[in-house]
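Structure first, commentary second.
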Amino acid sequence: MKFNYSVNEVPTLNILILNGLQWFVLVMPVIIMVGKIIGVTFLLNSNEEVLYIQKLSFIVSLSLFLQILFGHSLPILSGPATVLLVGLIASKSYNPTSLYTALLIGGFFVCLLGLLNITKKIILYFTKNIISVVLILIAFTMLPAISNMIVKPTGIPAGINLIIAILIILLLFIFEKILKGFWKTSLILWAMIFGTVIYIFVFGGSPYSYEVREVSLFSNYFKDFLPFFDFDAGLVLTFIICYVALVINDVGSMQSVSSFVGTGNDWKPIKRGIFVTGITNILASFICTTGVVNFSYSPGVLLITKCASKYVLLFTALLLFILSFSPYLLEFANMVPHLLIGSIFFYVMTSQISTGLSMLYANGEFKYTDGIIVGCSVLLGTVITNLPIDVTASLPGLLKPLLGNGFVMGILFAFILEHIIYNKKNQS
């Protein structure tokens with residue numbers, strides 16, 4: 036495909052700003068959604084939610100800077116890793132120090148994969164069935180968090196919230212079908228803005244505190260860091276598996292963009308990209324926030340903008356960096372109703388399921404055993420995710436983080452079915 040600006044070309048200032056803003060519009064709603072979901076899951080107050088979003092904005096900006104200058108050097112958007120969000124939500128009963136210690140160790144593991152050639156061998160074990168399970172399980176194991184966002188007590192009956200959520204989801208799909216180009220890719224942002232305004236207009240200020248709070252225009256977030264290390268072997272193993280899935284996603288994103296912009300299939304930039312992903316996830320764990328990954332929908336944006344310059348994303352990173360120091364500007368995140376966030380995230384997760392299902396037909400064929408492997412793994416993961424707390428609490432100590440995590444157990448079960456029980460060599 037022919038681009039107006041190639042990967043290593045510096046565009047004119049107006050193109051740089053315009054396209055940088057477009058990437059910013061894409062990633063900022065995701066940062067807000069992840070911050071709000073973490074806030075509801077870990078019972079954060081309004082100030083703590085804004086602080087979390089500040090830290091997350093900084094980490095994403097840092098990831099973009101490092102990836103463009105020292106990593107894969109490709110026009111790929113970085114953002115919060117949903118696979119790590121799933122791991123955090125599934126392990127919410129553990130103290131934050133243990134969680135972020137496990138994430139920190141996982142970040143070092145990713146750096147190691149970036150330095151070694153073993154990543155290529157690991158990828159071979161992630162067949163289309165297992166990748167499909169990973170993608171679908173992310174959506175299914177997020178359902179409890181999504182439902183909590185939708186029916187969160189706000190002074191409005193939960194049944195009314197559910198009806199509103201269904202209407203919002205339907206409207207999102209209607210607009211997705213109608214809108215084209217930039218308006219379609221930035222639909223989530225407009226849904227947040229107009230949805231919040233309409234919600235406040237209809238329901239008033241009673242469900243949420245919409246009054247302007249005393250917040251600083253500029254404030255740093257260099258506080259509430261990881262105070263000390265609390266090693267939990269079960270948690271570490273759980274997040275190592277999550278990080279392996281993250282690396283597979285990372286490699287897939289880099290390979291797809293690399294082939295799309297015509298920079299070849301050199302493995303060295305990919306290794307650098309994996310290493311930088313590990314570094315940024317280590318830093319994210321140290322400041323106690325969710326880690327990052329290279330987003331897979333970058334080719335779609337490049338197709339619309341016709342600009343493949345990597346330098347555009349440096350402007351996006353600069354905007355995020357500046358915004359991360361302003362809780363006053365990020366106060367908008369507190370105004371977005373949890374109901375709206377839950378509905379939008381449901382809409383986002385449907386594309387995750389669609390991508391997972393399409394993977395099953397990646398080779399142009401679908402067998403009965405493929406359905407068994409994917410269906411059984413997804414069902415098991417979903418059942419474990421929805422187990423009562425007293426059941427998961429009764430699991431053996433060391434194995435509790437592993438056996439109580441539906442996402443991880445679903446992946447492990449998929450590996451057993453794919454490579455042991457239904458292994459083609461064993462069948463022959």
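Residue numbers for the sequence shown follow my numbering, so the first one is 36 and each next one is one higher. Yeah, the Cβ is synthetic: ideal placement off N, Cα and C, and Gly gets one too.
By the neighbour-count definition (other C-beta atoms within 10 Å, threshold 16), E44 is an exposed residue. The shortest C-alpha to C-alpha distance from Y457 to any of F208, S113, I165 and A116 is the one to I165.
Contact check between the region 90-101 and the region 54-71: three or more CB pairs, one atom from each, fall below 8 Å, which counts as touching. Annotation for V328: the continuous beta strand (DSSP E) segment containing it runs V327 to N329. Per DSSP, the continuous alpha helix (DSSP H) segment holding P131 begins and ends at P131 to L150. Rounded to the nearest whole angstrom, the CA to CA distance from L354 to G432 is 44 Å.
Two segments are said to touch when three or more pairs of C-beta atoms, one from each, lie closer than 8 Å; by this definition the region 81-89 does not touch the region 299-313.
About 41 Å separates the beta carbon of I199 from that of L434, a gap too long to meet the 8 Å contact definition. When the five nearest sequence neighbours on each side are left out, the beta carbons in the same chain lying within less than 6 Å of the beta carbon of T420 are those of T176 and G441, in order along the chain. Bounds of the beta strand (DSSP E) holding S113 are S113 to P115. Less than 8 Å separates the beta-carbon of L224 from that of V60. When DSSP states are grouped into helix, strand and coil, Y363 belongs to the coil group.
If only complete runs of 4 or more residues are kept, the region 262-314 shows the alpha helix (DSSP H) at 268-296, in order along the chain.
By the Cβ test, the region 332-351 is in contact with the region 39-55, since at least three Cβ pairs between them sit closer than 8 Å.
The residue from L109, Q89 and S128 with its alpha-carbon nearest to that of G299 is L109. Under the Cβ criterion (8 Å, minimum of three pairs), the region 407-427 counts as touching the region 442-452.
The C-beta distance from S126 to L270 rounds to 6 Å, short enough to fall under 8 Å. Just so you know, the alpha carbons of A343 and G335 end up roughly 11 Å apart. If you compare the alpha carbons of F210, V279 and S288 with that of F161, the shortest gap goes to V279.
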